[in-house]
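Everything below concerns the one structure shown next.
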Amino acid sequence: MKKVTRIFFSPSGTTKKVVDKIAGSFKYEKEVCDLLHFNADKEFTENDIVIVGMPVFAGRIPKTARDRLSKLTGDNTKAIAVANYGNAKVGDALLEIVDILKENNFDVIGAISAVSHHSIFDGVAVGRPDNADLEKLSEFGEKCVEKIESGESLQAEIPGNKPYVDYNQLPFTISCDLDKCVFCYDCVTVCPEKAIPDEDPADIDLDICSRCTACIHICQENARSFSGEAFEAKKPIFESANSERKEVEYYL
Ligand SMILES: Cc1cc2nc3c(=O)[nH]c(=O)nc-3n(C[C@H](O)[C@H](O)[C@H](O)COP(=O)(O)O)c2cc1C
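Residue 91 in the numbering used here is what sits at position 90 of the sequence shown, and the numbering runs on without skipping anything.
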């Protein structure tokens, strides 16, 4: 019996939403592998189908996500690659996911770049994925179901550079407002880089933090946010430069 595993790294939740929508086209039993928390070797078989979703960070996939995805191996396992970006640029992220999957013995059958609300610059792609996006994701999911039935692998070429663009860490600071923090430690637990110490959640280690936003989005008290002059200066410029709608694109 075939089984679909939804694999994602989704600090602010939209990549999970996109992967879930594509998975909805499949009638098989479903499982989850959440790479924000799962960091171990795992082998998939010929009876598995995996849908792998990653957010785009600076035109690449986040380094932590890359390391964790690289620990998953297939056995000619059918795979669908999903790069989810915030209406700025997808860069080489989709190609990177496809390459990792192929190297790890997955048989990639389809790939898609989806657009979601920007997790840093919250004025960009507000409300996405919206209904039009969700319809396109379902259409793609149905085409993937057909491809699995026909046994056909990915035919299309995925756009991107080789070597991939260099990954540039964002210079912004994440701060914690201690007047709002209730010391629940959810941020400490969710941080995939373990950059937030138990003793003092405000003392984030910015050398290892990837700015993924998981701590900001999990905080019920809205105590955590991007801050600082560099961020405040960039925000209006970035939002105006990326206001034009980009569309979901898929490759089969
Ligand atoms: C550190 C960082 C870098 C980002 N870089 C890009 C980028 O290069 N291009 C883009 O369009 N969106 C970029 N984004 C936005 C995310 O790709 C987008 O919001 C995505 O939907 C987040 O997925 P999530 O909700 O699963 O966390 C970036 C977000 C973060 C946190």
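Every residue, glycine too, gets a C-beta built ideally from N, C-alpha and C.
Query, Result
"Could you pull out every residue in the same chain whose Cβ sits closer than 7 angstroms to the Cβ of F141, ignoring the five residues on either side in sequence?", "I23, G111, I113 and Y251"
"Based on DSSP bridge pairs, tell me the residues matched to T78.", "F107"
"Does the distance between the C-beta of Y86 and the nearest non-hydrogen atom of ligand 2 fall short of 6 angstroms?", "In the structure shown, ligand 2 is absent; the only ligands present are ligand 1."
"Indicate, with yes or no, if ligand 1 has a heavy atom lying under 6 angstroms from the CB of S244.", "no"
"Over what stretch of residues does the alpha helix (DSSP H) that includes P237 continue unbroken?", "E230 to A242"
"Check each candidate in K235, C220 and E147 and name the one with the smallest Cα separation from C185.", "C220"
"Just list the residues that DSSP pairs N85 with in beta bridges.", "P56 and A115"
"Are D199 and V183 closer than 7 angstroms when you measure CB to CB?", "no"
"Could you check whether the stretch 170-181 touches the stretch 203-216, counting it as contact only if at least three pairs of C-beta atoms, one from each stretch, sit closer than 8 angstroms?", "yes"
"Within the present structure, is the beta-carbon of K90 separated from the nearest heavy atom of ligand 1 by less than 6 angstroms?", "yes"
"Kindly examine ligand 1 and report whether one of its heavy atoms sits closer than 6 angstroms to the Cβ of R212.", "yes"
"Between K43 and the rest of its own chain, which residues show a CB-CB distance below 6 angstroms, the 5 nearest in sequence each way excluded?", "L73"
"Grab me the residues of C192's own chain with a C-beta within less than 7 angstroms of its C-beta, minus the 5 sequence neighbours each way, in chain order.", "A215 and C216"
"Could you have a look at D134 and say whether DSSP puts it in helix, strand or coil?", "helix"
"Going straight from the alpha carbon of I209 to that of V19, what length do you get?", "28 angstroms"
"Please name the residue in I81, V166, V125 and L96 whose C-alpha comes closest to that of L138.", "I81"
"Near S120, what residues of its chain come up, given a Cβ to Cβ distance below 6 angstroms and the 5 sequence neighbours on each side ignored?", "S13 and T214"
"So what's E147 in DSSP terms, helix, strand or just coil?", "helix"
"Measuring only the C-alpha atoms, how far is K148 from S154?", "7 angstroms"
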